[in-house]
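Chains as they are written, first to last, in the working numbering: chain F, 25 to 313; chain P, -17 to 340.
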């Protein structure tokens, strides 16, 4: 029983990480209907950026992430402004294939720069500290921080979306691009800000990815799949739904791993496909696509 | 060309044509090239044959993906599911059931089609870009599931012994007819199988597109709503294309792994080898054309030959090239050529032509 409770709690906390992976993907898709196949590789890229900043300035990963945030925002802005905007509005293929190409470029660029060695972000004592819940159950501080960060990120994103002028512009371009242009919204710039923001979320996700486990340049695509599953399970257009989706995938994985360690990833995918069959629009759909 | 087709003064009538004098020449040329390729084992060495097997199966995969993405708008990033499935079926049928490898290739096609039906049921719940990632998830499920089969080597994979690869149908006749040793005869049979698959796939795509159903495909790609409004049963047509592509991809996968004689889940379900390269071939050559994948395969083969030793840098280059083509020449190299010179070697469009009465 204790084992299962543990698996459940671990799954919920893991779900926080997947929600962080998914929030950036969901943000970009929600605003510009762009499915970014390079999303997973961007998370890994961000982890390497944090790693390099930490090594270069001799600071811990949290401070390095803070320092990396503005860099990544600008990188996202530039990527959208110079490249991705050109691929939009021309049908299904260009954005898919451009981001697919980007995914290959990032993965191999990282392999070339950092080699295929496994890396980790070392945060000192926080990595191993845990909080006891009851006599046999305890949770790690880092996983707990991950979930808390996911909640904070979603609160902030919801605030931006529904309480600010920028959010109004996001929603307007998402609802009707042409009318929003008539209203004077400079959509290439709005899209670029959105991608910049998504890169900020990606960098936060990368911090926890790197502190919880080893990473190397090749693990990006799998992260894209988890993020995607969380978005679809949660239902398009709702950040809280994405959190729920992340938690469902996370719990499916840890419970699967509890039954047989080899089934961890498979269980997550199977849970996703099962939900897709019975609830094709996800559990909490909001946007009509 | 357009100038000559304009109705001029005088009597005449419109006709619908599907061919041009150039395309007639191209058809004859294609037949000659295929005949030459079929005769290649008579004078080529084993290295050339092995390279040609690679070229031919990549071409066949490219035609399949083009049928899905270029003509029907089903952008799949998960075709490796069927390459791996075909490979594993071949191994299961030959290792466990003791079936002749060539027969196993054909059975692999049929079984892949059977697997494609329930798979389609799931992935067709997603549309557009989400369909793309959905197919990728399914391919991962296939990979992780096959890693569970202990009889087929689990996660580390397994090999086909020479007792099986040398027992291929008609190998003795090839040996005595061409006076070659067993390994060479095996390559020759694989080569002919690859040639048959590549030519067969191209012909199949061509015939589908020339048919009434072919028109439906383009209509669905361009607008599902409009296609439905003129009476096309979108779901059925898409399902049919998906299953056909899966069956052919499964057969190609079986052939690939007969040739490799060693299979593992990570290699057989590799997104890079069986989908990314294929996408590059189609995009660079020209998506939505039959000639494009042929051109793309040749370019890819040359790049693979001369640049693959650069490893990661080579892949970065491929990625950059694909992005540039997609942004600046979205119809690919063939699209650019055919637009500039009005060339259509394997025409699938119906054209309205003005004929002056004699």
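Backbone N, C-alpha and C fix where the C-beta goes; we use that ideal spot for every residue, glycine too. These numbers come from a predicted model, not from an experiment.
Asked, Found
"Contact residues within the region 207 to 221 of chain P, judged by C-beta distance below 9 Å to chain F", "none"
"Residue 113 of chain F burial status per 10 Å Cβ neighbour count (16 or more: buried)", "exposed"
"Length of the line joining the Cα atoms of residue 153 of chain P and residue 222 of chain P", "35 Å"
"Cutoff 8 Å; reference residue 225 of chain F; Cβ partners in own chain excluding five residues on either side", "44, 47, 48, 51, 177 and 181"
"Same chain only: Cβ atoms within 6 Å of residue 171 of chain F, ignoring 5 sequence neighbours per side", "37 and 40"
"Supposed close pair residue 266 of chain P, residue 307 of chain P - CB separation, criterion 8 Å", "5 Å"
"Contact set between the region 301 to 314 of chain P and chain F, restricted to residues whose Cβ is under 7 Å from the partner", "301, 302, 304, 305, 308, 309 and 312"
"Residues of the region 53 to 67 of chain P whose Cβ lies closer than 9 Å to any Cβ of chain F, in chain order", "55, 57 and 59"
"Meets three-Cβ-pair contact criterion under 8 Å: the region 244 to 251 of chain P and the region 123 to 141 of chain P", "yes"
"Sub-8 Å separation of residue 282 of chain P and residue 310 of chain P beta-carbons", "no"
"Chain F within 8 Å of residue 256 of chain P, Cβ atoms only", "no"
"8 Å Cβ shell around residue -17 of chain P - same chain, five flanking residues per side excluded", "A caution first: residue -17 of chain P carries a pLDDT of 43, below 50, which makes its placement in the model too unreliable to give a value."
"Members of the region 102 to 125 of chain F near chain P, C-beta cut-off 8 Å", "107, 110, 111, 114, 116, 117, 118, 119, 120, 121, 122, 124 and 125"
"At least three beta-carbon pairs within less than 8 Å, the region 243 to 250 of chain F to the region 66 to 83 of chain F", "yes"
"Supposed contact pair residue 126 of chain F and residue 305 of chain P - C-beta distance, whole angstroms, cut 8 Å", "7 Å"
"Any non-hydrogen atom of the ligand ADP closer than 7 Å to residue 184 of chain F Cβ", "Summarising the ligand content, the structure contains no ligands, and the ligand ADP is consequently not present."
"Cβ-based burial, residue 259 of chain F [other Cβ within 10 Å; buried from 16]", "buried"
"When F:184, F:187 and F:209 are compared against residue 196 of chain F, the one with the closest alpha-carbon", "F:209"
"Under 8 Å between C-beta atoms of residue 329 of chain P and residue 48 of chain P", "no"
"Cα-Cα separation between residue 186 of chain F and residue 110 of chain P, rounded to whole angstroms", "28 Å"
"Spatial distance of residue 108 of chain P from residue 116 of chain P (CA atoms)", "7 Å"
"CB contact below 8 Å: residue 293 of chain F versus chain P", "yes"
"Span separating the alpha-carbon of residue 9 of chain P from that of residue -5 of chain P", "27 Å"
"Cutoff 8 Å: residue 223 of chain P Cβ touching any chain F Cβ", "no"
"Residues that residue 252 of chain F contacts on chain P, provided the C-beta gap is smaller than 9 Å", "112, 115, 116, 118 and 119"
"DSSP beta-bridge partners of residue 140 of chain P", "P:245"
"Interface residues of chain P facing residue 51 of chain F [CB-CB closer than 8 Å]", "None at all; the shortest Cβ gap to chain P is about 15 Å."
"Alpha-carbon spacing of residue -15 of chain P relative to residue 334 of chain P, whole angstroms", "Confidence in residue -15 of chain P is poor, its pLDDT being 46 and thus under 50, which makes the residue's placement unreliable; the coordinate value appears in the next sentence. Going by the C-alpha atoms only, they are around 13 Å apart."
"Contact the region 46 to 63 of chain P vs the region 117 to 126 of chain P: 3+ CB pairs below 8 Å", "yes"
"Contact residues within the region 131 to 162 of chain F, judged by C-beta distance below 7 Å to chain P", "132, 133, 135 and 136"
"is_contact[residue 72 of chain F, chain P] using C-beta, thresh 8 Å", "no"
"Cutoff 8 Å: residue 301 of chain F Cβ touching any chain P Cβ", "yes"
"is_contact[residue 256 of chain F, chain P] using C-beta, thresh 8 Å", "yes"
"Neighbour flag for residue 132 of chain P against chain F, beta carbons, 8 Å", "no"
"Length-filtered (4 minimum) alpha helix (DSSP H) runs lying within the region 210 to 238 of chain P", "none"
"CB contact flag (residue 192 of chain P, residue 0 of chain P, <8 Å)", "yes"
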